[in-house]
Amino acid sequence: MTSNLTSGEQAAAAAVERSAATSQLRFATAGSVDDGKSTLVGRLLHDSKSVLADQLEAVEHASRSRGQEAPDLALLTDGLRAEREQGITIDVAYRYFATPKRRFILADTPGHVQYTRNMVTGASTAELAVVLVDARNGVVEQTRRHAAVAALLRVPHVVLAVNKMDLVDYAEPVFAAIAEEFTTYAASLGVPEITAIPISALAGDNVVTASANMDWYGGPTVLEHLETVPVGTDPSQDPARFPVQYVIRPQTTEHPDYRGYAGQIASGVLRVGDAVTVLPSGRTSAITGIDALGAMVDVAWAPQSVTLTLADDLDISRGDLLAPSDHAPATTRDVEATVCHLHDRPLRVGDRVLLKHTTRTVKAIIKDIPSRLTLADLSHHPAPGELAANDIGRVVLRTSEPLALDAYDASRRTGSFLLIDPADGTTLTAGMAGDSFAAPADGAEAARDDEGWDF
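Residue numbers (the working numbering): 217 to 671.
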């Protein structure tokens, strides 16, 4: 922690970080079809002794029924019948496991181009992405696509796992060439940290234990890197953001005038006495109390869930955002963002949608789609008019009410949003506010009018 906190606060914050952040890592795996993602995940689970006996027995039985002598560890994550029949990953498979050093939440994402949206879902909360490459094929188009998605989502750590090294005789030059090509490309996208590891998921080389076949490699195994990579952030480095989730008004004899605002601190530190602004109304007050799990405290920080009380009785409801008065975000009804379209129905200029940002949901209209990004070469297709499933592009929206949006590169939590179908509540699109390496194209066509929407 920084000097912004007292020594007692630093000790308490360090304890929270050890239990809630440093000891837990969210990571996602990605790669082309048949690069061995599910096998790598299965090997991690198996060799770290995170597989129950009945699970391993089921995998062994399924493997024998398919004519395989050794258990197919990929079946530990390929849970859907269609996945097992086709031998591919279709849905995002979440797995939870732990070692003495750290707990892990793992998202095994699909490799098919048509399931790029699933990688966006799996990597949206990840602190690390493992991108697999088949040593025989090297960096391919889908590898570049996954690196670009990781960069767009601001995943802070990327591991390049060069798999199937056993099929290229564990040759160091093969690994070195792939690592150099991928590192150069990912660095050009702004990925802050890239670690390359040569592995054989099938044989277990450099996954959990060091490989005797690659004595030329002196770096960590995949698990060693996962256990030691720095995770979590110093909450005092970021402006505080508190989306109100629920207003507590017991109105009982014991608490006739109590008014508390419950929610999870999205970022930063809150203290009793802090001057705060309520957005989007702009009204101000001061924090008079912080209730953390039934105990009154003087300070709280992300990602704690707390209840705040204020000095003034203001009209505050679910969806409002509390922020320090001296670091409050600007509110706007005009949103420019990079989005990934998730639904099979295209997103078109003129569409009416609901925009969900933290705990707030408002009406919005798609005013313009300036460009669609071609992830293979990062070129921009100007004014496409619509985004199909798995497309990533720039979007301009107009909302019915002001939103307190941060830029996504400043806060993944308060800079992200979802677009929802107002008719049936289906999630359509995932959005990241502000600029990205996918800059808007010039000369986009004018948007359609918004007749029929009274904002």
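The beta carbon of each residue, even a glycine, is placed where N, CA and C say it ideally should be.
Can a CB atom of chain D be found closer than 9 Å to the CB of residue 542?
-> No chain D is part of this structure, which consists of one protein chain only.
Starting from residue 379, trace the beta strand (DSSP E) both ways and give me its first and last residue.
-> 373 to 379
For residue 590 and residue 305, the rounded distance between their alpha carbons | A caution first: residue 305 carries a pLDDT of 41, below 50, which makes its placement in the model unreliable, though a value can still be read off. In this structure, the alpha-carbon of residue 305 lies about 23 Å from that of residue 590.
Please state whether DSSP places residue 465 in a helix, a strand or coil.
-> coil
In angstroms with no decimal places, state the Cα-to-Cα distance between residue 643 and residue 336.
-> 13 Å
Segment limits, beta strand (DSSP E) that includes residue 540 | 537 to 540
Taking the C-alpha atoms as reference points, what is the distance between residue 405 and residue 470?
-> 58 Å
Spatial neighbours of residue 521 within its chain, please: CB distance less than 6 Å, with the 5 preceding and 5 following residues excluded, ordered by chain position.
-> Within the same chain, residue 521 has close Cβ partners 480.
What residue ranges within the segment 447 to 492 form continuous beta strand (DSSP E) runs of no fewer than 3 residues, ordered along the chain?
-> 462 to 464, 476 to 480 and 485 to 487
State the Cα-Cα distance for the pair residue 629 and residue 483, rounded to the nearest angstrom.
-> 8 Å
Along the beta strand (DSSP E) that carries residue 333, what are the first and last residues, could you check?
-> Run containing residue 333: none in the beta strand (DSSP E); it sits in the alpha helix (DSSP H), 332 to 339.
Nearest to residue 465 (by Cα), restricted to the options 476, 632 and 535 = 476
Nearest candidate by alpha-carbon position, reference residue 573, set 557, 617 and 343 | 617
Give every residue of the same chain whose Cβ lies closer than 6 Å to the Cβ of residue 351, excluding the five residues on either side of it in the sequence, and list them in chain order.
-> 378, 380, 381, 384 and 390
For residue 429, which residues from the same chain have a beta carbon less than 7 Å from its beta carbon, with the 5 sequence-adjacent residues on both sides left out?
-> The answer, listed in chain order, is 386 and 421.
Contacting residues, own chain, Cβ-Cβ under 6 Å from residue 354 (five flanking each side not counted) = 394
Out of curiosity, what's the CA-to-CA distance linking residue 584 and residue 455?
-> 31 Å
Any idea if residue 595 is buried or exposed, counting beta-carbon neighbours within 10 angstroms, 16 or more meaning buried?
-> exposed
Beta-carbon proximity list for residue 568, same chain, < 6 Å, skipping 5 on both sides | 581
Residue span of the alpha helix (DSSP H) that contains residue 587, given as start and end = No alpha helix (DSSP H) holds residue 587; the beta strand (DSSP E) holding it covers 576 to 590.
Tell me the start and end of each unbroken beta strand (DSSP E) in the segment 511 to 575 that is at least 3 residues and wholly inside, in chain order.
-> 511 to 513, 515 to 517, 521 to 526, 537 to 540, 548 to 557 and 568 to 573
Residue 342 and residue 407 closer than 9 Å at C-beta = no
On the three-pair Cβ rule with 8 Å, is the segment 545 to 565 touching the segment 502 to 515?
-> no
Could you give the DSSP three-state label for residue 415: helix, strand or coil?
-> coil
Close Cβ partners of residue 403 (< 8 Å) along its chain, the five nearest in sequence each way excluded = The residues are 410.
Using DSSP with H/G/I as helix, E/B as strand and the rest coil, what is residue 312?
-> strand
Opposite residue 648 in the DSSP bridges: which residues?
-> The partner list for residue 648 (beta bridge, DSSP) reads 554 and 632.
Residue 458: which of 267, 610, 506 and 322 sits nearest, CA to CA?
-> The residue among 267, 610, 506 and 322 with its C-alpha nearest the C-alpha of residue 458 is 506.
According to DSSP, what are the bridge partners of residue 425?
-> 421
For residue 463, collect the residues of the same chain with a Cβ closer than 8 Å to its Cβ; drop the 5 residues on either side in sequence, then sort them by chain order.
-> For residue 463, same chain residues with a beta-carbon under 8 Å away, outside a window of 5 residues either side, are 475, 476, 477, 478, 532, 533 and 534 in chain order.
Endpoints, alpha helix (DSSP H) assigned at residue 389 | 388 to 404
Which whole-angstrom value is the C-beta distance of residue 540 and residue 491, which I expect to be below 8 Å?
-> In this structure residue 540 is in contact with residue 491, their Cβ atoms being roughly 7 Å apart against a cut-off of 8 Å.
Return the chain-ordered list of same chain residues with a C-beta closer than 6 Å to the C-beta of residue 548, the five sequence neighbours on each side being excluded.
-> none
Residue 258 lies in the alpha helix (DSSP H); which residues open and close that run?
-> Annotation: the continuous alpha helix (DSSP H) that includes residue 258 extends over 253 to 263.
Measure the C-alpha to C-alpha separation of residue 374 and residue 344 and round it to an integer number of angstroms.
-> Roughly 6 Å separates the two Cα atoms.
Could you tell me whether the Cβ atoms of residue 417 and residue 601 are closer together than 9 Å?
-> no
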